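*Asks:* Numbering follows my numbering, in which position 80 of the sequence shown is assigned residue number 85; successive positions increment by one, without gaps. For each residue, glycine too, the CB sits at the ideal point set by N, CA and C. For clarity, every value in this text was computed on a predicted model and none was experimentally measured.
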Amino acid sequence: MKTRRRVVNTFAFLTLSTMLMAAQMQMPASTPATSKPAEAWSAPRTLSGTVSDAMSGAQHMEKDKSAAECTRECVKKGTKYALVVGKKVYTLDGHEAEVDKLAGERATVKGNVMGEMVMVESVDAAKKTAK
């Protein structure tokens, strides 16, 4: 009785394994050249806005500190720098030392964008507009 059960279980296992292998072989191969990710990095863009942090965005939580002080304090606690452009908040990745100099100020950032993340190529103080 035990031998018969063992034979049946082995046969079932081998049949299932064969079916799974056959199904896997029929699936198309996915290679980086042929597959298209859901979101891809865009060509370099230039964005202008206010340098903040990803946690505070446009509304700083520490009301007794300036925007620059609050931003730097939040970054020390582990959040990333961000650029507030209108109602949108872009998290900045790269060039932290340069971004830190412009904390709380208007800046122009050039970089590749994916969703709400910017891989920073360069950052400069925003040019003052004439009134």
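Ala-59 bridges to which residues according to DSSP?
*Replies:* DSSP lists no partner for Ala-59.
*Asks:* Put Lys-93 into one of helix, strand or coil per three-state DSSP.
*Replies:* strand
*Asks:* Please determine, among Ala-130, Met-124, Val-123 and Gly-120, the residue with the shortest C-alpha to C-alpha distance to Ala-108.
*Replies:* Ala-130
*Asks:* Does the distance from the C-beta atom of Ala-59 to that of Lys-85 stay below 8 Å?
*Replies:* yes
*Asks:* Determine, using beta carbons only, whether Gly-54 and Leu-88 come nearer to each other than 8 Å.
*Replies:* yes
*Asks:* Could you work out which residue in Met-124, Gly-62, Arg-10 and Val-90 is closest to Val-80 when comparing CA atoms only?
*Replies:* Gly-62
*Asks:* Using DSSP's beta-bridge definition, name the partner residues of Ser-127.
*Replies:* Its beta-bridge partners are Lys-115.
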